[in-house]
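>
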């Protein structure tokens, strides 16, 4: 009664638009118009080809448009059945995408947590590789004592 309706509409519009940041579906929609060199470092872009990301997004967009069209038509009474049909659409996606791709594209874990886990795993792998290289380098060198100075590492001569 005391708050004008346009003000309420504006508040809800602002809340809706501000909540779009960080939603993976909206981020994937923006990728359609973004050149490859300007794309952000999303975890799913590291592991899934861009063509498959676009295909997955198109399937979701088509399902959203179909649900909206059914909702506004006379067939709105079957809307709950169409929501149930989305479960079967998701099962059909198992034939189009690998389990690994679907885990990156359609997962409940937030993007930031997945990226931190992936970065930590990559760091551990790099650390392990560098440790192996250091051990291999140490195995291929001979240390000579030079009196009061530091040790001098010389590579072994291969015969």
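Residue numbers (the working numbering): 365 to 523.
Ideal Cβ placement from N, Cα and C applies to all residues, glycine included.
None of these values were measured; they are calculated from a predicted model.
Should residue 424 go down as buried or exposed, given a rule of 16 or more other Cβ atoms within 10 Å for buried?
On the chain shown, position 60 is the one that residue 424 refers to. Residue 424 comes out buried.
> Identify, in the order they occur along the chain, each residue of the same chain with its Cβ nearer than 7 Å to the Cβ of residue 345, setting aside the five sequence neighbours on each side.
This structure does not reach residue 345, given that the chain is present from 365 up to 523, and the question cannot be answered.
> Over the uninterrupted alpha helix (DSSP H) stretch that includes residue 384, give me the two end residues.
In the chain shown, counting from the first residue as 1, residue 384 sits at position 20. Residue 384 -> no alpha helix (DSSP H), and no H or E assigned at all.
> May I have a chain-ordered list of the alpha helix (DSSP H) segments no shorter than 4 residues that lie completely inside the segment 378-465?
Complete alpha helix (DSSP H) runs here, min 4: 388-394, 407-411, 414-436 and 443-460.
> At the level of alpha carbons, what is the spacing between residue 485 and residue 492?
Within the chain shown, the letter at position 121 stands for residue 485. Within the chain shown, the letter at position 128 stands for residue 492. Each residue's alpha carbon lies about 11 Å from the other.
> So, under 8 Å CB-CB, residue 392 and residue 417 are touching, yes? Tell me the CB distance rounded to an integer number of Å.
As a first step, residue 392 is located in the chain shown; it is residue number 28 there, counting from the start. As a first step, residue 417 is located in the chain shown; it is residue number 53 there, counting from the start. Sure, about 6 Å apart at Cβ, within 8 Å.
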